[in-house]
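**Q** Protein chains in written order, with the working numbering: chain X, 121 to 260; chain A, 9 to 124.
Input: one structure, supplied below.
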């Protein structure tokens, strides 16, 4: 990630075959990798969508109603379905990677990967239920 | 892009990715599908405003917006860098990605602070 090494005079140029930008289409594993990397675009999309919703709330009931009506257009419904698919892909790949990224030990013994990943899914279900409860009903 | 900056960005990437993994599917399902299609009743304007005015909700929403933006910035930076092989634009891409995330964070903080 540092700045490229400056070329010294008379240094031979390396011979490197130029890779196609579409190199990842040759193998399913590469396609999965690139799709996983692209999930971040939809993560950012939803972060900005929610920010937009908060802006609309601060502008008053009319602006908020206009925002909600916009979400009902076929365009946004389509984009939201695609975004949900990508965000779910992010969640699944992220949870399944945790045993690799994080080694959990209990009394000196390594906890099996499926328990580490599985506990993520369990917490996810509980958190989602709480969020759904609060964000459909509002404050008690 | 050296020194202490990159490790911090990797940490934000990791924490933001976790926040997005746990919270985004349900919020996106509710706001993007369940409410617009009428599967579930959306809270009224007053109810939603009261909810987001609560200090805990404000903090929650700030975390939910800001950290995933830095997750995106870091991952997308390498997606552009490796995927499109834009090696000569490294610095430009980094500034652009982290800059967008920072701008979103500032707008989120401003909005949530001033919600009235």
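Backbone N, C-alpha and C define an ideal beta-carbon position, used for all residues, glycine too.
All values derive from a computational prediction rather than experimental measurement.
1) Check each candidate in 176/X, 166/X, 167/X, 143/X and name the one with the smallest Cα separation from residue 57/A.
2) In chain A, what lies closer than 7 Å to residue 244/X by C-beta?
3) Counting C-beta neighbours from all protein chains within 10 Å, is the total for residue 122/A 16 or more, i.e. buried, or is it exposed?
4) In whole angstroms, what is the alpha-carbon distance linking residue 35/A and residue 134/X?
5) Within 9 Å (strictly less), CB to CB, does residue 238/X reach chain A?
6) Around the C-beta of residue 49/A, are 16 or more other C-beta atoms found within 10 angstroms, so that it is buried, or is it exposed?
7) Going by CA-CA distance only, name the one from 152/X, 150/X, 189/X that's closest to residue 44/A.
8) Answer yes if the segment 152-166 of chain X comes into contact with the segment 17-36 of chain A, meaning at least three C-beta pairs across the two stretches below 8 Å, and no otherwise.
9) Against chain A, does residue 141/X count as a neighbour if the rule is that its beta carbon must be under 9 Å from one of theirs?
10) Report buried or exposed for residue 107/A, applying the criterion of at least 16 other Cβ atoms within 10 angstroms of its Cβ.
11) How about residue 215/X and residue 156/X: do their beta carbons lie closer than 9 Å?
12) Answer yes or no: does any C-beta atom of chain X fall closer than 9 Å to that of residue 67/A?
13) Which residues mark the beginning and the end of the alpha helix (DSSP H) in which residue 241/X is found?
14) On the three-pair Cβ rule with 8 Å, is the segment 74-87 of chain A touching the segment 13-25 of chain A?
15) 9 Å is my cut-off, CB to CB: does residue 45/A come that close to chain X?
**A** So, from the data block:
1) Answer by Cα proximity: 176/X.
2) Correct list: 30.
3) Counting Cβ neighbours within 10 Å, residue 122/A comes out exposed, since fewer than 16 surround it.
4) If you take the alpha carbons of residue 35/A and residue 134/X, they lie about 50 Å apart.
5) With 9 Å as the cut-off, residue 238/X does not count as an interface residue toward chain A.
6) With fewer than 16 other Cβ atoms within 10 Å, it is exposed.
7) 189/X is the residue among 152/X, 150/X, 189/X whose C-alpha sits nearest the C-alpha of residue 44/A.
8) Judged by Cβ distances under 8 Å, the segment 17-36 of chain A makes contact with the segment 152-166 of chain X, as three or more pairs qualify.
9) By this cut-off, residue 141/X is an interface position.
10) Residue burial is scored here from C-beta neighbours: residue 107/A has fewer than 16 other C-beta atoms within 10 angstroms and is therefore classed as exposed.
11) No, these two residues do not count as a Cβ contact at 9 Å.
12) Chain X, which has no Cβ nearer than 9 Å to the Cβ of residue 67/A, makes this no.
13) Looking at the DSSP string, the run of the alpha helix (DSSP H) that includes residue 241/X is 233-257.
14) Yes: at least three Cβ pairs fall under 8 Å.
15) Interface residue, yes.
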